[in-house]
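Residues 9 to 192 in our numbering are what the sequence shown spells out, letter by letter. Beta carbons are placed, not taken as given, at the ideal position from N, Cα and C, and that holds for glycine.
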Amino acid sequence: MNRALIVIDVQESFRAMPQWEQTANPKIAEPVNRLVRLARANGDKVIWVLHTEPGTGGVFDPALGHVRPLDELEQPEPGEPVVRKTSHNAFTTTNLQQLLTEAGVRELVLCGIRTEQCVETTTRVGSDLGYQVVLVTEATTTNPIGELGTDAIIERTEAVLRGRFARIATVAELEAEAAEVSQG
């Protein structure tokens with residue numbers, strides 16, 4: 009196993025926010041579930057990341073009960089780490105790098121909520137740490153920011169990360185690659 013799927017912040021906290029109705033992909037669980045099933049079938053490590061803001065009284069405060077994977081997601085299985093972060097990227101305030109190092113992981117497949125925020129910053133940090141990063145933007149979502157719509161945000165994120173920090177791939181491309189490996 010040298011690949012890990014990192015599921016970033018695909019949690020009920022976002023659905024509890026009034027802006028959820030404006031999210032680009034309210035059915036984000038569907039492509040994320042496909043990635044989870046693919047990772048498990050390939051024997052890849054699956055790591056779940058949840059954003060927390062303890063003591064704030066907001067939707068990311070664990071005391072309110074929203075800091076958990078979306079209900080319709082494939083839920084973490086025994087042995088799949090669930091790490092809780094308090095920073096934008098999944099590395100700085102967690103033991104994620106230690107988990108990856110101990111497992112011999114060299115490649116990351118990233119998906120999650122907010123394409124341009126937590127997912128993008130994790131992509132950049134992961135790349136800087138020497139991991140090969142695959143970003144699956146169809147398994148991400150975000151909300152408009154000011155005048156900038158969700159399509160423009162996702163397009164911009166892909167443009168700035170592609171070829172520098174990550175390979176951009178679709179779920180279908182990863183499924184096809186896995187099928188080729190299993191047949192080869």
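query, result
"Is it buried or exposed for Pro77, if we count other Cβ within 10 angstroms and need 16 for buried?", "buried"
"Starting from the Cα of Gln140, find the closest Cα among Ser21, Val75 and Arg170 and give me that residue.", "Arg170"
"My output table needs one value for Pro77: the three-state DSSP class, helix, strand or coil.", "strand"
"So what's Gly154 in DSSP terms, helix, strand or just coil?", "coil"
"Alpha carbon to alpha carbon, what distance is there between Thr123 and Gln19?", "14 Å"
"Near Ala177, what residues of its chain come up, given a Cβ to Cβ distance below 7 Å and the 5 sequence neighbours on each side ignored?", "Val142 and Val144"
"Between Asn41 and Glu82, is the Cβ-Cβ spacing less than 7 Å?", "yes"
"Pro39: buried (16+ other C-beta within 10 angstroms of its C-beta) or exposed?", "buried"
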